[in-house]
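J.:
Protein chains: 2
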Amino acid sequence: MARDSEATRARILDAAEAEFAAYGIAGSRVDRIADAALANKALIYKYFGTKDELFDAVFAHRVLAFVDEVEFDATDLPGYAGRSFDLYERFPTTLRLTTWYQLERPDGKLPAIVASNDAKLAKIEEAQRAGKLTTAYSPLELLTEVRALAMSWHLHTPELALVRRPSRARCREVVVESVRRLVEHD
Amino acid sequence: MARDSEATRARILDAAEAEFAAYGIAGSRVDRIADAALANKALIYKYFGTKDELFDAVFAHRVLAFVDEVEFDATDLPGYAGRSFDLYERFPTTLRLTTWYQLERPDGKLPAIVASNDAKLAKIEEAQRAGKLTTAYSPLELLTEVRALAMSWHLHTPELALVRRPSRARCREVVVESVRRLVEHD
DNA sequence: AAAAGACAACTAACTAGTTACTTGCTTTAG
DNA sequence: CTAAAGCAAGTAACTAGTTAGTTGTCTTTT
Chain A
1 MARDSEATRA
11 RILDAAEAEF
21 AAYGIAGSRV
31 DRIADAALAN
41 KALIYKYFGT
51 KDELFDAVFA
61 HRVLAFVDEV
71 EFDATDLPGY
81 AGRSFDLYER
91 FPTTLRLTTW
101 YQLERPDGKL
111 PAIVASNDAK
121 LAKIEEAQRA
131 GKLTTAYSPL
141 ELLTEVRALA
151 MSWHLHTPEL
161 ALVRRPSRAR
171 CREVVVESVR
181 RLVEHD
Chain B
1 MARDSEATRA
11 RILDAAEAEF
21 AAYGIAGSRV
31 DRIADAALAN
41 KALIYKYFGT
51 KDELFDAVFA
61 HRVLAFVDEV
71 EFDATDLPGY
81 AGRSFDLYER
91 FPTTLRLTTW
101 YQLERPDGKL
111 PAIVASNDAK
121 LAKIEEAQRA
131 GKLTTAYSPL
141 ELLTEVRALA
151 MSWHLHTPEL
161 ALVRRPSRAR
171 CREVVVESVR
181 RLVEHD
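Those protein sequence lines, which keep their order, are chains A and B.
Under full-length UniProt numbering, think of the first position of the first sequence as 1, with each following residue one higher.
Under full-length UniProt numbering, think of the first position of the second sequence as 1, with each following residue one higher.
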């Protein structure tokens, strides 16, 4: 095997992503990551520092890449919700990583995410001023509810998952339609 | 009963609830629970078995108690959402426990929760048949979206929490109003 | 072109500390 | 006295992080 540090880093990142998504930070084992990545444990520490820092690297690499992957159009929030839904379907680990991040890093404030949020809130406010969006809710209120609806199907309790879920297309339709009702002028 | 084992059990349960809510199953430390409960570690194992079983006991004791704490009225889903919101405000640990449960126990299916869900779905179906509830969504779809909206404010990312949140009363109003729009006949 | 040197990639084995869980004994109430 | 409650002191296994050394590759010198 030729030596390729870049490839090794990538393998470690991939393995770490799967491990952290499955077990969270506290539950993940560095040895398991090393095994899965076919890399030596010491390399993980050399390339990424501590376990926590490895999580940060994974989170930044995967989640931040998707923050702006979904196009945001304040005048079409149903469409935004639908595209968010699609992303959660395509990359199921992303939401799990985000949830672990929320639970295990309650004080972690990534500048890129903060900036992305601010931009979205500003766009909503602008759309409201232009009369293209309901003013029944503040920008933060809108973003909060739209996001909640977009990930509603992916935050099911294990028990609700027992009930037969509608088709993916129908779930998406429900999300989009719910947001449409939320933002429609009265 | 010599000495008060019931009180000791209760102290352990309380301490375990706080610990699990804060750190999850993998991140929790039995020693910390014992210290916080002013109880000996061996008693934890004597009364509750393993750490996993202790989590189950906490989850059953706290969360199951609240499953039917909130009165469910299929003809007044906005009211149900509001009352759910109130519960999340009153007992912030409950939602965290539930989230850890979802992440760390993806296969855990508690009969009491399943039964409670089934009952709610049946009530929704009945209300729909009686023409008292929109039929634009299936019972599962309605329950999913209503729940997502009810906990929308409590699933904020750390980054969104930086933005000044509206007053509790206003958040509640937003939840109730969102559900009202969701279920209104068109 | 070949040998020597430099350096980065990589590794096995280890350390120091932690953690879930147990055992054997003491204390207390009835 | 007895039975249950309670505890100090363990133990075996695990785990994050380190160390000292090896291997492969590229560059420089002759």
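Quick reminder that beta carbons are idealized off the backbone N, C-alpha and C, glycines included.
Since the structure is predicted, the reported quantities are computational estimates derived from the model, not experimental observations.
Name the two residues that bound the continuous alpha helix (DSSP H) containing valine 63 of chain A.
T.: Position 63 of the first sequence, counting from 1, holds the residue named residue 63 of chain A. Note, valine 63 of chain A: premise wrong, no alpha helix (DSSP H); not H, not E.
J.: Do we get a CB-CB distance below 8 Å when we pair glutamine 128 of chain B with the residues of chain A?
T.: What you label residue 128 of chain B is simply residue 128 of the second sequence in a count that begins at 1. Glutamine 128 of chain B does not count as touching chain A.
J.: Using only alpha-carbon positions, find the residue among A:Arg147, A:Ala130 and A:Leu13 that is nearest to leucine 87 of chain A.
T.: Working through the first sequence from its first residue, we reach residue 87 of chain A at position 87. For the residues A:Arg147, A:Ala130 and A:Leu13, the minimum Cα distance to leucine 87 of chain A belongs to A:Arg147.
J.: Can you look up methionine 1 of chain B in the DSSP assignment and give me helix, strand or coil?
T.: Numbered from 1 along the second sequence, position 1 holds the residue referred to as residue 1 of chain B. With a pLDDT of only 46 at methionine 1 of chain B, under the threshold of 50, the placement of this residue in the model should not be trusted, and no figure is reported.
J.: Between proline 158 of chain A and lysine 109 of chain B, which are expected to be in contact by the criterion C-beta below 8 Å, what is the C-beta distance as a whole number of angstroms?
T.: Counting from one through the first sequence, the residue named residue 158 of chain A turns up at place 158. Counting from one through the second sequence, the residue named residue 109 of chain B turns up at place 109. Proline 158 of chain A to lysine 109 of chain B, Cβ: 6 Å. Contact.
J.: Which whole-angstrom value describes the C-beta separation of residue 187 of chain B and glutamate 145 of chain A, a residue pair presumed to lie in contact below a C-beta threshold of 8 Å?
T.: Shown here, chain B extends from 1 to 186; a query on residue 187 of chain B therefore has no answer.
J.: Measuring alpha carbon to alpha carbon, tell me which residue in A:Asp76, A:Gly82 and A:Thr8 is nearest leucine 38 of chain A.
T.: What you label residue 38 of chain A is simply residue 38 of the first sequence in a count that begins at 1. Closest option to leucine 38 of chain A, Cα to Cα, is A:Thr8.
J.: In chain A, what lies closer than 7 Å to valine 176 of chain B by C-beta?
T.: Looking up residue 176 of chain B in the second sequence gives position 176. Chain A residues near valine 176 of chain B: none, gap ~12 Å exceeds 7 Å.
J.: DSSP three-state label for valine 163 of chain A, please.
T.: The residue labelled residue 163 of chain A in the question sits at position 163 within the first sequence. Looking at valine 163 of chain A - three-state DSSP - the assignment turns out to be coil, as it is neither helix nor strand.
J.: By a C-beta neighbour count over all protein chains shown, 10 Å radius and 16 as the cutoff for buried, is arginine 164 of chain A buried or exposed?
T.: Residue 164 of chain A sits at position 164 when you count from the first residue of the first sequence. Arginine 164 of chain A comes out exposed.
J.: Spatial neighbours of glycine 82 of chain B within its chain, please: CB distance less than 7 Å, with the 5 preceding and 5 following residues excluded, ordered by chain position.
T.: Residue numbering aside, residue 82 of chain B sits at position 82 when the second sequence is read from its first letter. Taken in chain order, the residues that qualify are Arg172, Val175 and Val176.
J.: Which first and last residues belong to the alpha helix (DSSP H) in which asparagine 117 of chain A is found?
T.: Locating residue 117 of chain A in the first sequence gives position 117, where the first residue counts as 1. Unbroken alpha helix (DSSP H) run through asparagine 117 of chain A: 111 to 129.
J.: At the 8 Å Cβ level, is serine 138 of chain B part of the contact set with chain A, yes or no?
T.: Here residue 138 of chain B refers to the residue found at position 138 of the second sequence. Yes, because at least one Cβ of chain A sits closer than 8 Å to the Cβ of serine 138 of chain B.
J.: Do you know offhand how far valine 114 of chain A's Cα is from leucine 43 of chain B's?
T.: Position 114 of the first sequence, counted from the start, is the residue given in the question as residue 114 of chain A. Position 43 of the second sequence, counted from the start, is the residue given in the question as residue 43 of chain B. When rounded, the distance between both Cα atoms is 46 Å.
J.: Taking the alpha carbon of aspartate 52 of chain A as the point to measure from, which residue in A:Gly79, A:Glu141 and A:Phe20 has its own alpha carbon closest?
T.: For the purposes of this step, residue 52 of chain A is taken as residue 52 along the first sequence, with counting starting at 1. Of the listed residues, the one whose Cα sits closest to aspartate 52 of chain A is A:Phe20.
J.: Among the candidates A:Ala57, A:Leu160, A:Thr99 and A:Ala130, whose CA atom is the shortest distance from the CA of histidine 154 of chain B?
T.: Taking the second sequence and counting its residues from 1, one reaches residue 154 of chain B at position 154. With distances taken between Cα atoms, histidine 154 of chain B lies closest to A:Thr99.
J.: Can you list the residues of chain A that tyrosine 23 of chain B reaches, using a CB-CB cut of under 7 Å?
T.: If you number the second sequence from 1, residue 23 of chain B lands on position 23. Within chain A, the residues near tyrosine 23 of chain B are Ala26.
J.: Taking the CB atoms as reference points, tell me whether lysine 132 of chain B and phenylalanine 72 of chain B lie closer together than 8 Å.
T.: Locating residue 132 of chain B in the second sequence gives position 132, where the first residue counts as 1. Locating residue 72 of chain B in the second sequence gives position 72, where the first residue counts as 1. For lysine 132 of chain B and phenylalanine 72 of chain B, no; Cβs fall outside 8 Å.
J.: How would you label threonine 94 of chain A, buried or exposed, when you count the other beta carbons within 10 angstroms and need 16 or more for buried?
T.: One-based indexing of the first sequence puts residue 94 of chain A at position 94. Answer is buried; the Cβ neighbour count reaches 16.
J.: Using a Cβ-Cβ distance cut-off of 8 Å, determine whether arginine 90 of chain B contacts chain A.
T.: Indexing the second sequence from 1 puts residue 90 of chain B at position 90. Closer than 8 Å: no.
J.: Following the continuous alpha helix (DSSP H) through threonine 79 of chain A, name the residue where it begins and the one where it ends.
T.: Position 79 of the first sequence, counted from the start, is the residue given in the question as residue 79 of chain A. Strictly speaking, residue 79 of chain A in this sequence is glycine, with threonine absent from that position. Here the alpha helix (DSSP H) through glycine 79 of chain A covers 77 to 90.
J.: Considering only their Cβ atoms, is the gap separating leucine 97 of chain A from phenylalanine 48 of chain A smaller than 8 Å?
T.: The residue given as residue 48 of chain A occupies position 48 in the first sequence. The residue given as residue 97 of chain A occupies position 97 in the first sequence. For phenylalanine 48 of chain A and leucine 97 of chain A, no; Cβs fall outside 8 Å.
J.: Indicate whether at least one CB of chain B lies closer than 8 Å to the CB of leucine 77 of chain A.
T.: What you label residue 77 of chain A is simply residue 77 of the first sequence in a count that begins at 1. Taking Cβ atoms only, chain B never reaches closer than 8 Å to leucine 77 of chain A, which makes this a no.
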